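A.B. asks: Following full-length UniProt numbering, the numbering of the sequence shown begins with 1 at its first residue and continues without gaps. Ideal Cβ positions, reconstructed from N, Cα and C, are used throughout, including at glycine. All figures in this text were calculated on a predicted structure; none of them were measured in a lab.
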Amino acid sequence: MGVRKQRANSTSVEANPPTLTPNPPRGSRWQLILSGFLLLIWLFFLAWMAFAS
C-alpha cells in the first residue's frame, strides 16, 4: 500500500509540473513584452525631455 501511494504521488507530482511549466513561459513572455514596451516609452520620454530642454 505504501509503495502504491508513493507511486501515485510520484505520478501526480510528475503530472503537475508539465501543466505548471507552460504557464511561466507565457507569464515571462508577457513580462518581457511589457517591460520592453515600458523601456521603449521611457527611452522616448528621455529623448523628448532632452530635445525639449
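1) Measuring only the C-alpha atoms, how far is residue 61 from L32?
2) Let me know the secondary structure DSSP gives S53 once reduced to three states.
3) By how many angstroms is the C-alpha of L38 removed from the C-alpha of residue 57?
C.D. replies: Once the coordinates are examined:
1) With the chain covering 1 to 53 only, the question about residue 61 has no answer from this structure.
2) coil
3) Any property of residue 57 remains undetermined from this structure, which presents the chain solely from 1 to 53.
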